[in-house]
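Residue numbers (our numbering), protein chains in the order written: chain A, 1 to 528; chain B, 529 to 559.
Beta carbons are placed, not taken as given, at the ideal position from N, Cα and C, and that holds for glycine.
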């Protein structure tokens with residue numbers, strides 16, 4: 001096994017131009033729709049302020065350690081000219097299984113991107129609809145739901161006659177995504193992060209101020225106030241802490257919000273210099289994500305919902321799901337807000353930027369593989385990635401009403417992440433070994449990482465991740481394997497989604513096998 | 529909003545804002 005801290009083989013590899021650019025790019029990867037829609041729901045449904053106790057404990061025990069582990073693996077791989085998890089794991093563990101476990105770090109982000117780009121384009125479309133006031137006459141969540149269904153092409157109605165509008169916004173988002181990737185790491189991804197992330201925070205702060213200064217609507221019930229809205233999210237219910245489900249919800253929220261287990265942090269960290277810090281970088285990205293989540297996300301959507309609809313209705317809204325909160329409840333809130341068109345445009349642009357910075361990140365591991373293992377120049381690697389993404393997104397767009405997107409989100413976007421996160425922490429702590437792993441995390445560190453984290457990473461993080469995976473397998477995975485639970489009309493599409501994912505995973509495994517062989521062959525040629 | 533709610537909100541916001549500010553200032557100094 002190669003020695004850590006060995007000399008750089010980064011010749012010709014791209015690098016981040018600035019540290020703040022890297023931090024914002026990593027934060028951009030982490031900050032997504034979940035920060036603004038999922039977190040407030042999770043807090044309100046799982047003990048309010050008391051939820052923050054397991055939440056912050058899990059941040060310390062799972063979130064930040066895993067961020068450091070992924071940054072450390074990434075920088076280690078980059079030092080040896082490896083920019084994706086398959087080749088990094090192959091370097092860490094010389095067993096055939098390693099590169100196939102690492103294949104998940106290419107399969108997961110690409111597969112998620114097939115629907116994430118489409119969902120991101122909805123935010124851009126709704127920003128446009130907010131500016132033009134297209135949905136401002138709708139009076140109920142049912143009407144807003146029909147507006148959304150018409151937009152998505154799920155039904156033909158008086159609002160939309162097909163999915164043409166949705167497709168147009170998808171193409172715009174797709175082209176922007178590819179254009180950014182064509183710029184490369186420093187001139188594309190980093191520039192986007194330096195522009196979009198500060199703008200996202202400014203928009204969110206403006207919205208927070210607007211929500212906190214809301215007056216109750218005319219004829220409102222006594223509980224329709226900003227204070228009641230904040231209380232809905234923050235008043236602690238300590239009895240919730242006795243329920244294991246609340247602790248698992250907190251652990252799951254931390255895992256998903258930091259976007260660890262995707263294979264992206266590794267790729268981004270591979271462009272760090274061999275002796276540059278990863279400890280402060282990982283902590284900075286995590287803390288920016290927490291600011292966006294706890295301070296901004298925890299204040300906007302549900303607080304506004306309580307002011308306009310009251311506590312009882314907001315409980316139903318929170319229970320209905322993040323998606324309903326974002327695309328069915330928030331439009332109704334925004335249309336009642338004084339200056340609603342402006343604030344609606346800002347709200348959906350904020351979600352668009354959050355989505356775009358993540359969508360760009362989702363494609364970079366594949367671009368890195370095509371460049372490094374197959375020797376393609378950047379432009380050809382990005383264009384090939386774009387073609388694959390465009391083809392992969394078509395069934396998601398065309399078969400949306402048959403649950404195609406939900407299947408990919410479930411298998412790649414939830415199960416895949418948990419499995420990959422669990423396997424990578426095992427490889428890091430048990431194959432590489434905690435001693436070497438700790439050296440790698442603390443090498444070049446600009447902050448003193450408490451030695452307690454050595455124990456946490458070795459034991460607490462793997463056990464915590466194992467517990468989430470096991471519990472999720474029992475509650476969600478086993479029932480999902482039963483095809484009988486799915487509508488008969490949707491079964492061919494669900495099977496199609498499974499076949500597409502299996503085909504993609506197999507294709508990635510084959511490509512990785514030949515790519516790494518080609519890389520090894522070229523290296524032997526260079527040596528001789 | 530109860531007093532306990534304010535305490536939780538205050539502690540969580542202080543923690544998160546403080547940590548983010550510390551990290552960003554340190555990162556910017558490094559640049």
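Contact set for residue i: own chain, Cβ-Cβ below 8 Å, skip 5 residues either direction
| i | result |
| --- | --- |
| residue 140 of chain A | 332 |
| residue 78 of chain A | 10, 13, 269, 270, 271, 272, 274 |
| residue 523 of chain A | none |
| residue 221 of chain A | 310 |
| residue 556 of chain B | none |
| residue 35 of chain A | 257, 289, 292, 293, 296, 297, 354 |
| residue 458 of chain A | 429, 434 |
Spatial neighbours of residue i in its chain, beta-carbon cut-off 6 Å, leaving aside the 5 residues before and after
| i | result |
| --- | --- |
| residue 2 of chain A | Here the model assigns residue 2 of chain A a pLDDT of 39, short of 50, so the residue's position is not dependable, and the following value carries that caveat. So no residue of the chain qualifies. |
| residue 447 of chain A | 279, 280 |
| residue 103 of chain A | 86, 508, 509, 512 |
| residue 163 of chain A | 153 |
| residue 59 of chain A | 254 |
| residue 282 of chain A | 67, 68, 71 |
| residue 417 of chain A | 261 |
| residue 395 of chain A | 404 |
| residue 535 of chain A | Not covered by the structure: residue 535 of chain A. The range shown for chain A is 1 to 528. |
| residue 145 of chain A | 328 |
| residue 247 of chain A | 54 |
| residue 43 of chain A | 51, 233 |
C-beta contact flag for residue i and residue j at 8 Å
| i | j | result |
| --- | --- | --- |
| residue 72 of chain A | residue 440 of chain A | yes |
| residue 258 of chain A | residue 467 of chain A | no |
| residue 152 of chain A | residue 400 of chain A | yes |
| residue 260 of chain A | residue 67 of chain A | yes |
| residue 130 of chain A | residue 334 of chain A | yes |
| residue 93 of chain A | residue 434 of chain A | no |
| residue 109 of chain A | residue 362 of chain A | yes |
| residue 46 of chain A | residue 319 of chain A | no |
| residue 544 of chain B | residue 294 of chain A | yes |
| residue 84 of chain A | residue 105 of chain A | yes |
| residue 322 of chain A | residue 37 of chain A | yes |
| residue 461 of chain A | residue 427 of chain A | no |
| residue 502 of chain A | residue 117 of chain A | no |
| residue 27 of chain A | residue 197 of chain A | yes |
| residue 582 of chain A | residue 172 of chain A | Outside the shown range of chain A (1 to 528) lies residue 582 of chain A, about which nothing can therefore be said. |
| residue 300 of chain A | residue 211 of chain A | yes |
| residue 185 of chain A | residue 303 of chain A | no |
| residue 234 of chain A | residue 413 of chain A | no |
| residue 533 of chain B | residue 236 of chain A | yes |
| residue 480 of chain A | residue 410 of chain A | yes |
Cβ neighbours of residue i in the same chain (closer than 7 Å, five flanking residues each side left out)
| i | result |
| --- | --- |
| residue 311 of chain A | 223, 228, 232 |
| residue 100 of chain A | 509 |
| residue 277 of chain A | 444, 445, 446 |
| residue 183 of chain A | 191 |
| residue 133 of chain A | 341 |
| residue 21 of chain A | 190, 193, 194 |
Nearest-angstrom beta carbon gap, residue j and residue i [assumed within contact, 8 Å]
| i | j | result |
| --- | --- | --- |
| residue 126 of chain A | residue 327 of chain A | 7 Å |
| residue 547 of chain B | residue 230 of chain A | Going by Cβ atoms, the distance from residue 547 of chain B to residue 230 of chain A rounds to 22 Å, so no, they are not a contact pair. |
| residue 353 of chain A | residue 199 of chain A | 6 Å |
| residue 408 of chain A | residue 114 of chain A | 7 Å |
| residue 398 of chain A | residue 469 of chain A | So it is not a contact: roughly 33 Å between Cβ atoms. |
| residue 119 of chain A | residue 355 of chain A | 7 Å |
| residue 518 of chain A | residue 374 of chain A | 7 Å |
Where the alpha helix (DSSP H) through residue i begins and ends
| i | result |
| --- | --- |
| residue 281 of chain A | 279 to 290 |
| residue 471 of chain A | 461 to 472 |
| residue 259 of chain A | Neither: residue 259 of chain A is in no alpha helix (DSSP H) and is coded neither H nor E. |
| residue 35 of chain A | 33 to 45 |
| residue 313 of chain A | 301 to 320 |
| residue 331 of chain A | 330 to 336 |
| residue 365 of chain A | 340 to 374 |
| residue 69 of chain A | 64 to 79 |
| residue 294 of chain A | Looking at the DSSP string, residue 294 of chain A is not in any alpha helix (DSSP H), and its letter there is neither H nor E. |
| residue 452 of chain A | 452 to 455 |
| residue 90 of chain A | 85 to 92 |
| residue 541 of chain B | 531 to 558 |
| residue 378 of chain A | 378 to 398 |
| residue 190 of chain A | 190 to 212 |
| residue 116 of chain A | 104 to 132 |
| residue 234 of chain A | 226 to 234 |
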